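Position one of the sequence shown corresponds to residue 42 (my numbering), numbered consecutively onward.
Beta carbons: idealized from backbone N, C-alpha and C, even for Gly.
All values derive from a computational prediction rather than experimental measurement.
Okay, so here's the structure we're looking at.
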Amino acid sequence: MTVTSAFDAAGTARRRKILIIVENLPVPFDRRVWAEAQSLREAGYDVCVICPRGPFAESPFESIDSIEIYRYPLPIQAEGKLGYFAEYSTALFWQCVYSFKVFRTRGFDAIHACNPPDLIFLVGAIYKYLFGKKFVFDHHDLNPELFEAKFGNRGLLWRALIFLERMTFRVADISIATNLSYAQVAIQRGKMKPDRVFVVRSGPDLARVRELPPDVTWRNGRAHLVAYVGVIGEQEGIDLLLEAVRHITSTCQRSDVQFVVMGGGPSLKKLKETCARMQLSEFVNFTGRVDDTTLFKVLSTADICVNPDRPNVMNDMSTMNKIMEYMALGKPIVQFDLTEGRVSAQSASLYARKTDTADFGNKILELIDDPARCQEMSMYGRQRVRNELSWEHEGPKLIAAYEALFK
Numbered sequence: 042m043t044v045t046s047a048f049d050a051a052g053t054a055r056r057r058k059i060l061i062i063v064e065n066l067p068v069p070f071d072r073r074v075w076a077e078a079q080s081l082r083e084a085g086y087d088v089c090v091i092c093p094r095g096p097f098a099e100s101p102f103e104s105i106d107s108i109e110i111y112r113y114p115l116p117i118q119a120e121g122k123l124g125y126f127a128e129y130s131t132a133l134f135w136q137c138v139y140s141f142k143v144f145r146t147r148g149f150d151a152i153h154a155c156n157p158p159d160l161i162f163l164v165g166a167i168y169k170y171l172f173g174k175k176f177v178f179d180h181h182d183l184n185p186e187l188f189e190a191k192f193g194n195r196g197l198l199w200r201a202l203i204f205l206e207r208m209t210f211r212v213a214d215i216s217i218a219t220n221l222s223y224a225q226v227a228i229q230r231g232k233m234k235p236d237r238v239f240v241v242r243s244g245p246d247l248a249r250v251r252e253l254p255p256d257v258t259w260r261n262g263r264a265h266l267v268a269y270v271g272v273i274g275e276q277e278g279i280d281l282l283l284e285a286v287r288h289i290t291s292t293c294q295r296s297d298v299q300f301v302v303m304g305g306g307p308s309l310k311k312l313k314e315t316c317a318r319m320q321l322s323e324f325v326n327f328t329g330r331v332d333d334t335t336l337f338k339v340l341s342t343a344d345i346c347v348n349p350d351r352p353n354v355m356n357d358m359s360t361m362n363k364i365m366e367y368m369a370l371g372k373p374i375v376q377f378d379l380t381e382g383r384v385s386a387q388s389a390s391l392y393a394r395k396t397d398t399a400d401f402g403n404k405i406l407e408l409i410d411d412p413a414r415c416q417e418m419s420m421y422g423r424q425r426v427r428n429e430l431s432w433e434h435e436g437p438k439l440i441a442a443y444e445a446l447f448k
């Protein structure tokens, strides 16, 4: 039974209040954070969120489904080490400002911090050690591994990230890991007690992920459609996908496959220019960030979905939301052979040899030319999500973590 009440100075029971802080994406656009906020609210907690304002200039304050959302300005999008320093410093300043506003006006019993970056513990430490509030670390990204993937080296900054991660785990009362690989990091590198680490996967909300009637205009007159959705950054491997497209169109001489790449990010402009130089623009449509209706319209139209995440330690240990959404919609998947990618998709995916773009392209064609296998993979993926991986199964694990937090 969920325990969500506390007692004020007069001994009167009140609902516990949770402040979620996230820097990576706006809410409700960040699907995991929004699912967590809704699950906590449904379990009887009062929930408030502090997050950045996105590129579509979301309002500074909004209340959705009784969840208050404060959005701070983030005028730059990080590129390079100095860019990340400026972005994270700005975010930390606004998180301090808005957390004090929430503390003063409505109060909270716990801060739920979603990385990256591993700096929000500085906000949490103030309220934990001065006011006795709880601190929950929701571990979304391995920042030392992410740094190494982006910049290709270790050094002073990498060691600083290890230190910040260690301090985050030290301040945390509990840690929430997105998979078993992350849970091992919390226990081994973060020195957390195993009974204070809870695995809550980023399962799709089946009330949100919906199949829509196909829209053949996305096929651009071609017989087959391959879709991708996600952040457009360096470690997402969209450049590798473009090499696979060139293999399909040039080496294999196939002109019957259209690709749609959905999402925004720091590498979007650069990759569109690369696509044009490779003379692939007629085969690849970069949409930028899209709303849910467009997203699910494209995915419903697609024959196959792809995840070209660049093989590295970060991606090998990370669970990608897109994989579960592809499976929920019954889409066969092609991805590089990464540990957590296999854990999630299992038989719903084919796995290309690491960084072998020709093999990646060949596996796309292998599925396109074998409809019976696609149907088998589609059914497996749907059932796996519905029976094991959807947020319906993960939400209760989040609530169990909070029960342990306040016990």
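Within a 10 Å sphere around the beta-carbon of ASN184 sit 16 or more other beta-carbons, which makes this residue buried. Around GLY304, the same chain offers VAL270, GLY271, VAL272, ILE273 and ARG330 as residues with beta carbons nearer than 7 Å, after the five sequence neighbours per side are excluded. Within the model, the alpha-carbon separation for GLU381 versus ALA224 is close to 13 Å. Inclusion of ASP410 and LYS395 in the CB contact set at 8 Å is not warranted, their separation being larger than that value. When only Cα atoms are considered, VAL354 and THR146 end up about 43 Å apart.
Nearest to PHE149 by C-alpha distance, out of PRO157, VAL177 and PHE126, is VAL177. ARG263 and GLN299 do touch by the CB rule: their CB atoms are close to 4 Å apart, below 8 Å. DSSP places ASN403 in the helix class (H, G or I) of the three-state scheme. For TYR223, the three-state secondary structure derived from DSSP is helix. Excluding sequence positions up to five before and after ASP400, its CB lies within less than 8 Å of the CB of ALA393 and ARG394, all in the same chain and listed in chain order. Looking at the backbone, the Cα of GLU83 and that of VAL68 are separated by about 17 Å.
Taking the CA atoms as reference points, PRO93 sits about 9 Å from TRP135. Take ILE405, set aside five residues on each side of it, and the residues of its chain with a beta-carbon closer than 8 Å to its own are VAL267, ALA285, ILE289, VAL298, ILE345, VAL347 and VAL375, in chain order. By the neighbour-count definition (other C-beta atoms within 10 Å, threshold 16), PHE324 is a buried residue.
Annotation: GLU186 to ILE62 spans about 22 Å, alpha carbon to alpha carbon. Burial state of PHE162 is buried, judged by a 10 Å Cβ sphere holding 16 or more other Cβ atoms. Going by C-alpha positions, MET418 is about 15 Å away from VAL384. The beta carbon of LEU336 lies closer than 8 Å to those of VAL270 and MET303 in the same chain, with the five residues before and after it left out.
When DSSP states are grouped into helix, strand and coil, THR335 belongs to the helix group. For ALA386 against MET358, the beta-carbon gap comes to about 15 Å, at or over 8 Å, which does not count as contact. THR334 is classed as exposed because its beta carbon has fewer than 16 other beta carbons within 10 Å across all chains shown. By the Cβ rule, the segment 166-181 does not count as touching the segment 98-111, because fewer than three pairs are nearer than 8 Å.
Between the alpha carbons of ARG56 and PRO255 lies a gap of roughly 45 Å.
For ASP87, no alpha helix (DSSP H) run applies; the uninterrupted beta strand (DSSP E) run containing it begins and ends at 87-93, by DSSP. Taking each of SER322, CYS89 and ASN65 in turn and checking the Cα distance to ASN156, the smallest one comes out for ASN65. If you check the CB distance, GLU252 and LEU160 do not come in under 8 Å. When the Cα atoms are used, GLU407 and GLU275 turn out to be separated by approximately 27 Å.
Sequence-distant partners of PHE210 (beyond 5 residues in either direction) whose C-beta falls short of 7 Å from its own C-beta, in its chain, are PHE178, SER216, ALA227, GLY231, LYS232 and MET233. Ranked by how close their Cα comes to the Cα of PRO349, the residues GLN79, GLN320 and LEU391 have LEU391 in first place. Annotation: ALA127 to LEU115 spans about 10 Å, alpha carbon to alpha carbon. Per DSSP, the continuous beta strand (DSSP E) segment holding ASN326 begins and ends at 325-329. Take the alpha-carbon of SER130 and the one of CYS137: they are about 11 Å apart. In this model, GLY193 and GLU277 are separated by some 15 Å (Cα to Cα).
Bridge partners of GLN376 according to DSSP: ASN348 and TYR392.
In this structure, VAL212 lies near ALA166, with their beta-carbon atoms less than 8 Å apart. Secondary structure of MET361 (DSSP, three-state): coil.
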